[in-house]
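Engineer:
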């Protein structure tokens with residue numbers, strides 16, 4: 002590879018040069034949504050972050066197998082081992098079969114991801130579709146002495162694991178601290194220790210989502226699906242595991258423990274975590290009840306929103322921050338993103354009209370490497386965007402005749418700008434699609450002005466021509482006290 | 002229900018009044034695609050046929066749970082029990098993991114169904130996600146003596162089944178005939194009789210899609226998924242099972258046999274089958290190599306096509322025939338559908354502009370019932386469309402001042418037309434979306450004419466005004482020898 006990508010590995014707490022296990026193949030696993038509610042801004046961030054990674058790795062020439070799961074069973078309330086399954090609860094409240102809930106929200110998720118120009122992953126496995134694979138891992142862990150059954154449920158023995166391995170390696174949590182913070186919760190009497198986590202849960206008689214197993218009719222623990230499905234589709238060790246920072250503990254920590262026992266090592270060599278979106282300083286999330294759905298953003302229908310924000314504005318807003326920084330939601334920040342995106346897209350339109358000159362006043366080679374360097378530095382999209390705005394300044398200077406580029410340099414410059422803006426950042430020009438109707442309004446205003454003037458001048462020839470032609474186009478003009486209005490039949 | 006729907010039940014070979022098992026709930030299961038190739042016209046027909054049924058039943062007030070599966074494992078070449086799995090073969094040829102093939106073509110299928118305005122089913126289960134459920138049915142059938150194992154594979158004993166039950170009840174095939182027509186095929190030595198069908202197949206060492214079972218590491222037979230998944234999501238007897246006529250034998254016949262042994266009766270009370278789309282009199286299908294993909298239709302990129310046909314033209318083309326008739330593909334037929342749809346949509350636009358009169362010359366009540374009667378008669382969409390064209394004639398007569406409707410009748414008429422055209426037939430006005438750019442062309446032509454005339458008349462005031470305003474709108478006009486051209490910046 003010509004470019005050398007460094008990524009911040011949560012495991013080592015430092016930036017490392019990315020070296021795939023079996024280049025040019027790259028295995029990437031990202032934790033996808035639990036499909037029991039409408040996708041919100043908190044879902045957009047990991048999707049866009051790892052879409053950028055997927056796009057950049059593919060551009061660099063890697064053959065990426067990108068697996069992003071759909072959690073449709075086993076994710077209990079409060080992310081714990083007690084309480085109701087999130088999807089079963091939603092199904093009960095809506096009087097639907099759980100899989101109807103899953104289908105509805107999976108479709109919605111896909112719809113909104115498409116609007117955000119997030120590419121589909123290579124494989125999108127569902128937890129409920131991989132029960133056999135999960136049971137195989139559970140049995141293996143039990144056989145090796147790190148899982149124990151109690152009353153039909155199976156739990157992972159964290160204390161035993163921690164004797165030989167380090168539980169908390171990713172998040173930096175220390176087991177000693179967990180004794181004191183989690184000891185006194187209720188309803189965990191089946192566990193040896195409160196921090197043990199479920200591998201398999203026995204289903205209560207009323208629980209719909211259940212499968213037979215040697216332990217009980219039940220369902221898998223939330224953490225197990227990622228271990229089973231990443232192993233199935235990417236092998237027992239793959240390159241990159243990604244997800245939101247809120248999943249680091251306990252979810253990813255549990256995945257590492259499960260994989261370490263089942264496969265002899267953690268699932269992936271690199272762990273990447275995107276930071277949270279906050280609203281008034283608090284994480285935005287469904288369980289916290291302070292989330293704004295993507296549909297509300299796109300339509301402006303939430304009380305907190307001063308206006309609608311388009312999908313590309315949301316995408317740009319997220320990419321303007323480095324994925325490991327928090328992003329605080331505010332109308333001001335989104336309005337600034339909207340303006341910035343508009344400036345970028347206007348520059349891109351301008352770019353396509355530039356004429357080449359005889360000399361070059363801009364170092365394309367340097368520009369090119371600066372853009373790559375930004376992404377190579379742990380996907381630093383805000384720095385890349387800053388460079389692209391330099392590019393836009395150059396475009397405007399060339400258009401104003403203050404700078405010039407040779408035709409060769411102009412071609413290279415144009416290729417680079419389109420590559421980084423469209424192909425890698427995945428930004429598209431929404432104005433192009435909406436433009437027509439604005440232009441239509443403007444042209445009609447012009448025509449009605451000319452018609453009015455012709456009438457004033459008793460130029461019946463022109464005013465008749467206009468009336469007839471508009472009629473042919475199916476446009477009806479109505480003259481009123483406030484002037485003429487028009488509509489298309 | 003106010004309306005009484007009759008549907009042609011393939012089981013009884015006659016039209017029957019539709020009576021759900023537990024009204025207002027209706028369970029509907031339709032065989033979906035095997036996702037190993039791009040969706041083609043042959044996929045559009047069952048999707049649109051059962052979309053019409055789904056829409057109409059929902060309109061009538063039924064709460065429909067519509068299950069349409071994704072076949073992602075077990076469907077072997079030539080629809081038989083030998084040969085390679087269709088998806089595994091495609092994966093081998095493309096050097097992909099089978100689930101990457103599944104994901105890609107499932108996404109494509111969803112994309113094109115959305116373009117055709119086909120609603121998502123309530124649940125879209127995947128065969129590979131229901132191995133446990135399938136194995137449970139297989140074990141049950143073996144235990145009851147109708148399945149036998151040989152060399153790790155399990156087959157259904159059709160001869161034994163036929164002693165007490167009637168194999169061929171749906172298709173009218175008689176077992177005696179099958180002896181002679183299927184006896185001499187090769188490679189079926191594991192079976193007692195060549196017409197026995199696989200419930201479970203032992204995987205060859207190189208076969209990727211495999212799951213453990215008491216019989217072997219293998220995968221389910223193609224027919225088993227529908228039995229297991231329809232039972233899981235709709236119960237052991239549900240209302241309507243649909244699919245293409247080409248699935249009647251052996252697929253649906255095998256489903257009935259499996260259900261009869263496992264559940265004591267066939268899966269559904271009503272069976273509905275859409276007829277085929279033919280091209281030069283032959284069924285259009287991927288296995289026959291004579292198919293035209295939906296993308297090719299929408300872009301006009303297949304050598305057989307004289308032009309592109311829009312999604313709504315395809316939908317209208319299919320709905321113009323009754324679902325139990327064959328439809329023969331031809332450019333002429335599609336062009337006629339395109340014209341018909343245009344006339345219908347122009348009428349609908351006209352409808353919204355009609356003014357009410359003092360009297361009514363049109364019997365709305367009768368019109369309403371005729372429309373319902375058409376659908377109640379086994380979803381007779383061509384008759385419904387004929388009535389809707391009568392409606393369009395009425396609209397044109399009212400617009401021309403030759404007929405009138407009171408405001409009450411006009412409101413009812415408008416509601417009915419929108420209901421049947423848009424909500425039930427699912428036809429949308431594509432012109433509305435495309436209109437803008439055509440109108441834009443027309444307006445610009447008008448403006449450039451006026452500008453030329455102003456120049457001829459030395460009316461610099463007007464020609465300057467036009468140049469400035471177009472500039473403000475970002476429209477660049479270039480004067481050339483052939484006249485002026487324009488483009489939007």
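Protein chains in written order, with the working numbering: chain R, 2 to 490; chain E, 2 to 490. Think of the CB as a built atom: it goes at the ideal place given N, C-alpha and C, for glycine as much as any other residue.
#1: Taking a Cβ distance cut-off of 7 Å, strictly less, list which residues of the stretch 18-39 of chain E are near chain R, in chain order.
#2: Is it buried or exposed for residue 14(E), if we count other Cβ within 10 angstroms and need 16 for buried?
#3: Would residue 110(E) count as contacting chain R if we go by Cβ distances under 8 Å?
#4: Spell out whether any CB of chain R is found under 8 Å from the CB atom of residue 440(E).
#5: Name the chain R residues whose beta carbon is nearer than 8 Å to that of residue 507(E)?
#6: Is the shortest distance between the beta-carbon of residue 474(R) and the beta-carbons of chain E less than 8 Å?
#7: Tell me which same chain residues have a C-beta within less than 8 Å of the C-beta of residue 373(E), skipping the five on either side of it?
#8: Counting only runs of 4+ residues fully inside the stretch 102-169 of chain E, write out the alpha helix (DSSP H) ranges in chain order.
#9: Relative to the C-alpha of residue 350(E), which residue among 285(E), 452(E), 419(E) is closest?
#10: At 9 Å on the CB atoms, spell out the chain B contacts of residue 470(R), in chain order.
#11: Helix, strand or coil, according to DSSP, for residue 489(R) in the structure here?
#12: Go to residue 263(E), then tell me how far its alpha helix (DSSP H) extends in each direction, as first and last residue.
#13: How is residue 299(R) classed by DSSP in three states: helix, strand or coil?
#14: Can you find a CB in chain R that lies within less than 8 Å of the CB of residue 463(E)?
#15: Would you mind sorting residue 101(E) into buried or exposed? The rule is 16 or more other CB atoms within 10 Å of its CB.
#16: Output yes if chain E places a C-beta closer than 8 Å to the C-beta of residue 212(R); else output no.
#17: Looking at the C-beta of residue 66(E), does it have a partner C-beta in chain R at a distance below 8 Å?
#18: From which residue to which residue does the beta strand (DSSP E) around residue 221(E) run?
#19: From residue 563(R) to residue 67(R), what does the alpha carbon distance come to, in whole angstroms?
#20: Using a C-beta cutoff of 8 Å, does residue 100(R) count as contacting chain E?
#21: Which residues mark the beginning and the end of the beta strand (DSSP E) in which residue 273(R) is found?
#22: Apart from the five residues on each side of it in sequence, which residues of its chain come closer than 7 Å, Cβ to Cβ, to residue 471(R)?
#23: Compute the Euclidean distance between the alpha carbons of residue 417(E) and residue 343(E), then round it to the nearest angstrom.
#24: Once you ignore the five residues that flank residue 464(E) on each side, which residues in its own chain have a CB closer than 7 Å to its CB?
#25: Does the ligand GDP have a heavy atom nearer than 7 Å to the CB of residue 461(R)?
#26: In angstroms with no decimal places, state the Cα-to-Cα distance between residue 99(R) and residue 198(R).
#27: If you measure beta-carbon to beta-carbon, which residues of the stretch 137-171 of chain E are closer than 9 Å to chain R?
#28: Give me the Cα-Cα distance between residue 370(R) and residue 315(R), rounded to the nearest whole angstrom.
#29: Just the chain R side, please: which residues come within less than 9 Å of residue 130(E) by C-beta, in chain order?
#30: How close, in whole Å, do the beta carbons of residue 40(E) and residue 113(E) come, if the pair is a contact with beta carbons under 8 Å?
#31: Taking a Cβ distance cut-off of 8 Å, strictly less, list which residues of the stretch 228-246 of chain E are near chain R, in chain order.
#32: Could you confirm whether any beta carbon from chain E is found closer than 8 Å to the beta carbon of residue 393(R)?
#33: Please decide whether residue 487(E) counts as near chain R, where near means a Cβ-Cβ distance under 8 Å.
#34: Just curious, the alpha helix (DSSP H) that residue 17(E) is in, first and last residue?
#35: Mapping DSSP to helix, strand and coil, what is residue 371(R)?
#36: Alpha carbon to alpha carbon, what distance is there between residue 121(R) and residue 257(R)?
Structural biologist: Concretely, from the data shown:
#1: Residues are counted here when their Cβ sits less than 7 Å from a Cβ of chain R; for the stretch 18-39 of chain E the count is zero.
#2: In the second chain, the residue the question calls residue 14(E) occupies position 13. With fewer than 16 other Cβ atoms within 10 Å, it is exposed.
#3: Within the second chain, numbered from 1, the residue matching residue 110(E) stands at position 109. Answer no: the Cβ-Cβ gap between residue 110(E) and chain R never drops below 8 Å.
#4: Reading the second chain from its first residue, position 439 is the one you call residue 440(E). With 8 Å as the cut-off, residue 440(E) counts as an interface residue toward chain R.
#5: Here chain E covers residues 2 to 490 and nothing more, so residue 507(E) does not appear.
#6: Looking up residue 474(R) in the first chain gives position 473. Chain E contact via Cβ: present.
#7: Taking the second chain and counting its residues from 1, one reaches residue 373(E) at position 372. 4.
#8: Entirely contained in the stretch 102-169 of chain E, the alpha helix (DSSP H) runs reaching 4 residues are, in chain order, 132-144, 159-165.
#9: Taking the first residue of the second chain as 1, we reach residue 350(E) at position 349. Residue 350(E) has its Cα closest to that of 419(E), out of 285(E), 452(E), 419(E).
#10: Going by chain labels, chain B is absent from the structure shown, which instead holds the protein chains R and E.
#11: Taking the first residue of the first chain as position 1, residue 489(R) is located at position 488. In the structure shown, the three-state DSSP call for residue 489(R) is strand.
#12: Residue numbering aside, residue 263(E) sits at position 262 when the second chain is read from its first letter. Element bounds for residue 263(E): 254-264.
#13: By 1-based counting over the first chain, the position of residue 299(R) is 298. DSSP places residue 299(R) in helix when its eight states are reduced to three.
#14: Your numbering for residue 463(E) matches position 462 in the second chain. Yes, because at least one Cβ of chain R sits closer than 8 Å to the Cβ of residue 463(E).
#15: Residue numbering aside, residue 101(E) sits at position 100 when the second chain is read from its first letter. Using a 10 angstroms sphere on the CB of residue 101(E), the tally of other CB atoms reaches 16 or more, which defines it as buried.
#16: Numbered from its first residue, the first chain carries residue 212(R) at position 211. Residue 212(R) counts as touching chain E.
#17: Reading the second chain from its first residue, position 65 is the one you call residue 66(E). Cβ-Cβ to chain R under 8 Å: yes for residue 66(E).
#18: Here residue 221(E) corresponds to residue number 220 of the second chain, with the count starting at 1. Looking at the DSSP string, the run of the beta strand (DSSP E) that includes residue 221(E) is 219-221.
#19: Nothing in the structure corresponds to residue 563(R), since chain R is present only between 2 and 490.
#20: Along the first chain, read from residue 1 onward, the residue named residue 100(R) stands at position 99. So, interface residue.
#21: Numbered from its first residue, the first chain carries residue 273(R) at position 272. Start and end: 269-275.
#22: By 1-based counting over the first chain, the position of residue 471(R) is 470. Here the set comprises 478.
#23: Residue numbering aside, residue 417(E) sits at position 416 when the second chain is read from its first letter. Residue numbering aside, residue 343(E) sits at position 342 when the second chain is read from its first letter. The straight-line gap from Cα to Cα measures roughly 19 Å.
#24: The count along the second chain starts at 1 and reaches residue 464(E) at position 463. Contacts found: 452, 455, 456.
#25: Looking for the ligand GDP in the displayed structure turns up nothing, as the structure carries no ligands at all.
#26: On the first chain, position 98 is the one that residue 99(R) refers to. On the first chain, position 197 is the one that residue 198(R) refers to. Looking at the two C-alpha atoms, the distance is approximately 24 Å.
#27: 137
#28: Taking the first residue of the first chain as 1, we reach residue 370(R) at position 369. Taking the first residue of the first chain as 1, we reach residue 315(R) at position 314. Each residue's Cα considered, the two are about 27 Å apart.
#29: By one-based count along the second chain, residue 130(E) stands at place 129. Residues of chain R passing the Cβ test: 126, 127, 129, 130, 131, 132.
#30: The count along the second chain starts at 1 and reaches residue 40(E) at position 39. The count along the second chain starts at 1 and reaches residue 113(E) at position 112. The pair is a contact, with the Cβ atoms about 5 Å apart (cut-off 8 Å).
#31: 234
#32: The residue labelled residue 393(R) in the question sits at position 392 within the first chain. False, the Cβ-Cβ gap to chain E never drops below 8 Å.
#33: In the second chain, counting from the first residue as 1, residue 487(E) sits at position 486. For residue 487(E), the answer is no, since every Cβ of chain R falls outside 8 Å of its Cβ.
#34: What you label residue 17(E) is simply residue 16 of the second chain in a count that begins at 1. Counting along the chain, residue 17(E) falls outside any alpha helix (DSSP H), though it belongs to the beta strand (DSSP E) covering 15-18.
#35: Locating residue 371(R) in the first chain gives position 370, counting from the first residue. Residue 371(R) falls in the helix class under three-state DSSP.
#36: As a working note, residue 257(R) is residue 256 in the first chain. As a working note, residue 121(R) is residue 120 in the first chain. One C-alpha to the other measures close to 26 Å.
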